[in-house]
Each structure stands twice: as structure tokens, then as C-alpha cells.
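Peer 1: Start counting the sequence shown at 1340; every next residue gets the next number (my numbering). A virtual CB, placed ideally from N, CA and C, is assigned to each residue, including glycine.
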Amino acid sequence: MFRKPEYTVTRLLAAAGVTVNGPHSWDITVYDPSFYADVLGRGSLGLGESYMQGCWDSPQLDEFFYRVLRAGIDHQLPESIGFKTDVLLARLLNFQSRKKAYHNSHSHYDTGNDLFEAMLDKRMTYTCAFWENAATLDQAQEDKLDLTCRKLNLQPGMQVLDIGCGWGSFAKFAAEKYGVQVTGITISTEQAELARERCKGWPIEIRLADYRTLNEQYDAIVSLGMFEHVGYKNYRCYMQVVHRCLKEKGLFLLHTIGGNSAHAFTDRWLNKYIFPGAMIPTIQLIGKYIEGLFVMEHWQNFSVDYDKTLMAWYSNISKNYDQLKAKYDNTFFRMWKYYLLSCAGSFRARQSQLWQVVLSKNGVPDGYHIAKPA
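#1: Let me know if residue 1607 comes out buried or exposed under the rule of 16 or more other beta-carbons within 10 Å of its beta-carbon.
#2: Please say whether residue 1699 and residue 1636 have beta carbons closer to each other than 8 angstroms?
#3: Hey, would you say residue 1641 sits closer than 8 angstroms to residue 1595, going by beta carbons?
#4: I'd like to know whether the C-beta atoms of residue 1468 and residue 1479 end up nearer to each other than 8 angstroms.
#5: Taking DSSP as the reference, what is the three-state secondary structure of residue 1325?
#6: CA-CA distance, residue 1501 and residue 1490?
#7: What are the start and end residues of each continuous beta strand (DSSP E) run of 3 or more residues lying completely inside the stretch 1547-1582, in chain order?
#8: Whose CA, out of 1392, 1388, 1365, lies closest to the CA of residue 1408?
#9: What do you get for residue 1510, buried or exposed, if any count of 16 or more other CB atoms within 10 angstroms of its CB means buried?
#10: Select from 1481, 1466, 1464, 1465 the residue whose C-alpha is nearest the C-alpha of residue 1472.
#11: Closer than 8 angstroms is the cut-off here; do at least three beta carbon pairs connect the stretch 1511-1518 with the stretch 1531-1548?
#12: Please report the distance separating the alpha-carbon of residue 1578 from that of residue 1592.
#13: Mapping DSSP to helix, strand and coil, what is residue 1657?
#14: Flag this pair as yes or no: are the beta carbons of residue 1497 and residue 1559 separated by less than 8 angstroms?
#15: Sort 1602, 1393, 1493 by Cα distance to residue 1572 and report the nearest one.
#16: From which residue to which residue does the beta strand (DSSP E) around residue 1521 run?
#17: Report back the beta-carbon spacing between residue 1397 and residue 1367 to the nearest angstrom; my notes put them in contact at under 8 angstroms.
#18: Determine, for residue 1381, whether the minimum Cβ-Cβ distance to residues of chain D falls below 8 angstroms.
#19: Could you check what DSSP says for residue 1635 in three-state terms: helix, strand or coil?
#20: I'd like to know if the stretch 1646-1653 and the stretch 1678-1688 are in contact, where contact means that at least 3 CB-CB pairs between them fall below 8 angstroms.
#21: In whole angstroms, what separates the C-alpha of residue 1718 from that of residue 1542?
#22: On a Cα-Cα basis, can you pick out the residue from 1696, 1652, 1611, 1621 that is closest to residue 1381?
#23: Skipping 5 residues on each side, what residues in its chain have a beta carbon closer than 6 angstroms to that of residue 1673?
#24: From this set, 1661, 1372, 1590, which residue's C-alpha is nearest residue 1706's C-alpha?
#25: Return the CA-CA distance between residue 1627 and residue 1582, expressed in angstroms with no decimal places.
#26: So, under 8 angstroms CB-CB, residue 1526 and residue 1504 are touching, yes? Tell me the CB distance rounded to an integer number of Å.
#27: Please list, in chain order, all residues of the same chain as residue 1360 whose beta carbon is under 8 angstroms from its beta carbon, the five residues on each side excluded.
#28: Could you tell me the boundaries of the alpha helix (DSSP H) in which residue 1498 lies?
#29: If I measure Cβ to Cβ from residue 1378 and keep anything under 6 angstroms in the same chain, skipping five residues before and after, which residues do I get?
#30: When the Cα atoms are used, what is the spatial distance from residue 1529 to residue 1343?
#31: How many Å lie between residue 1556 and residue 1585 at the Cα?
#32: Let me make sure I understand the geometry here. Which of 1622, 1651, 1653 has the alpha-carbon closest to that of residue 1638?
#33: Using only the alpha-carbon positions, how far apart do residue 1668 and residue 1662 sit?
#34: Three-state secondary structure (DSSP) at residue 1750?
#35: Look at the alpha carbon of residue 1488 and the alpha carbon of residue 1710, and state the distance between them as a whole number of angstroms.
#36: Apply the 10 Å Cβ neighbour rule to residue 1692 and answer buried if 16 or more other Cβ atoms are within range, or exposed otherwise.
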């Protein structure tokens, strides 16, 4: 029997404990009935675009996504022609080639430094913070940077490579606190310009460069939140570059979002509006492409910390929106809100993970240990 889209979507949401026009903070209010057909016909892309257009809303969007994703409702929607086409193209084409990587980076990371300055911590660290002993975003990010340095066992005078250095937060922290020299690379012109300014006076070189061009050797290598943009067609190349650039006794720390199952590209809405060409790796894929190159020394999952980090970023954007709205209109704000809170819900539901993986070339002879805090 044919069911109207409204009936089908309402029934699916009810299975997750979400009521249309209901009383709870995670319930949704539908303002335009086209919402139902959008969701059924285009899945996550229809859900996100109808939200941007103001067709529906929820007082607590993060909790709405937590409930929907925890219940697995996203897997119960029919696969559209557009979705199947995206999957096919992702398998046939390299969406993270050198040329496309620059375009993908520009689409997100060159959105505007003012936006990211308003959203992030004082060091502008655009990766998951570590909240175990922290009460503020600034402290949680410094704790994450310090943990990263200790996992790499950084010592004064070391030469360190930062692949995907962002605005220089790790580079400056490591130079300040651990006395190392850092080469940071990014393919975002906006990031490179501001990173050079913020790192001025420290032994830090910021290069506008693709990882595939690297040849020098380093005592330690770190990559925080960049591997999501590499794509599985380039994973082996990426790991080979790290291997040739890492000295024999060096350590490599890979900090990346991870998934529970493999997909050739990320969520369709995120792919279109936030992170074009992104792909979330799995344990199996990482294991496959480090085989024969690295020994896995340590693997830590602190995905629940990303939920807290995203909520802190959303709080900052909300507080600072008045100073941004002349440049970023309401549709953009709804898009950005949807991005931050849907991702928070995904980490809360444990559909998304955050991993820090420490790798060595030949295994640490006496066993790997994380350096104690200074």
C-alpha cells in the first residue's frame, strides 16, 4: 500500500522517540510540508537543505540527531538515484587528487578567518579537544596539544613536520613548550597567511604545499584532522610519503575522525556544503594502508570529547554571531549550526569516532610509552 511521505517520515521519527510538532526539546516542528518528500526522496541532503530553507526546526538539534542516529533511522531511508550516483563516481574518480584537493580546501578552510576566529579557541585549533581535566575550550585544546607532544616524545631541537597545520596551533604550541622546530604545510591560502602571522618569531616554517610534494626527513610527524581529506585512493601514497619523511627512530601521530563502516565519501549534505571530497577512514582501511610501512604503537579513541568540542564551537558562534551577520547571512548561520550540531549528535550516538594513532617504522625497541607531563 502506498503511504504518503508525511506518514512514512513521521513513523520513522517516532521509532527514534522524535515527535513531529511534539513537546520535547529534541522534537521537530515542520513549517513546510515539502519537508517530508525532501527527506524521503533525497535523504540527508534533503533533510539538511530543507533545514537551511527554514522548512523545519528543533529546539535542540544536536539531541534530535543523537536520537535519530542512535536509532539507525538514517539507514532505513531508501537510497536515491543521486546517492547511488555519488557512490559510483566516488569509486571511479579520485575526488582528492592534487588539483581537486586545493578546490576542496578552498571551499571550507578559506570561508573566512574571521568566522574561525569567532568559533575556535584562542590558539585556533580546529580539531577535537581533550576534556578529561579541562573546564574550558582553551584548556581542553592545550591539553590535547600537550598530549600530542607527549605521545610523540618531543625533545628540544627536534625537527617536526605538521601535515595539515591549520592556523599553526600545534606548531606554535610545540615550539613554545617543547623547544622544537616545526615545518607546517597547508593547501589553504587563508590558513597559511594567518598561520605565518601567528607563528612569527618562532622557529616555524609555514608552507603552502600538498603533502605529496614532501621529501625532507623529520624526527617526528603529526597530522591533526587532515586525513579525512585524503581519500582511500590516496591512503597508500599518503602513508608512503610519511614513511619516507620520517627518520628511522621517529614517531608519527595520526589524529583523525573515524567511522564504524567504510563509505567512499561522507554524508551527502556535508559533502556538498561543508567538506567537499571528504572521506572518513575505518580501522580496517588504516590498517590496510600502513601494512608493511609502520608498526602500530598506540591507538586511543576519545570521540565523546568531540561532542563537547562541537558544542563549545557552536556556543562561540552563537555568542559572536552579531559581529558576523553582516558578512554571513541567516541561511549561512543555519547551515553552520546544522553542521556543528548534527556532527555533535553523530559523535554522541557513537556513529563517529576520534582516533589518535601512534606509529613507528620498526617498533620501539623497549616498548612504547607516553611521556609524562612536565
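Peer 2: Taking the definition as stated:
#1: buried
#2: yes
#3: no
#4: yes
#5: Residue 1325 lies beyond the residue range present for the chain, which begins at 1340 and ends at 1713; the question has no answer from this structure.
#6: 14 angstroms
#7: 1557-1563
#8: 1365
#9: buried
#10: 1481
#11: yes
#12: 12 angstroms
#13: helix
#14: yes
#15: 1602
#16: 1520-1525
#17: 5 angstroms
#18: Among the chains of the structure shown, chain D does not appear; only one protein chain is present.
#19: strand
#20: yes
#21: One cannot answer for residue 1718 here, as it falls past the ends of the chain, which runs 1340 to 1713.
#22: 1611
#23: 1391
#24: 1590
#25: 15 angstroms
#26: Rounded, the Cβ-Cβ distance is 10 angstroms, inconsistent with contact.
#27: 1366, 1367, 1368, 1369
#28: Counting along the chain, residue 1498 falls outside any alpha helix (DSSP H), though it belongs to the beta strand (DSSP E) covering 1498-1502.
#29: 1348, 1385, 1386
#30: 47 angstroms
#31: 5 angstroms
#32: 1622
#33: 11 angstroms
#34: The displayed coordinates of the chain run from 1340 to 1713. Any statement about residue 1750 would go beyond what the structure contains.
#35: 9 angstroms
#36: buried
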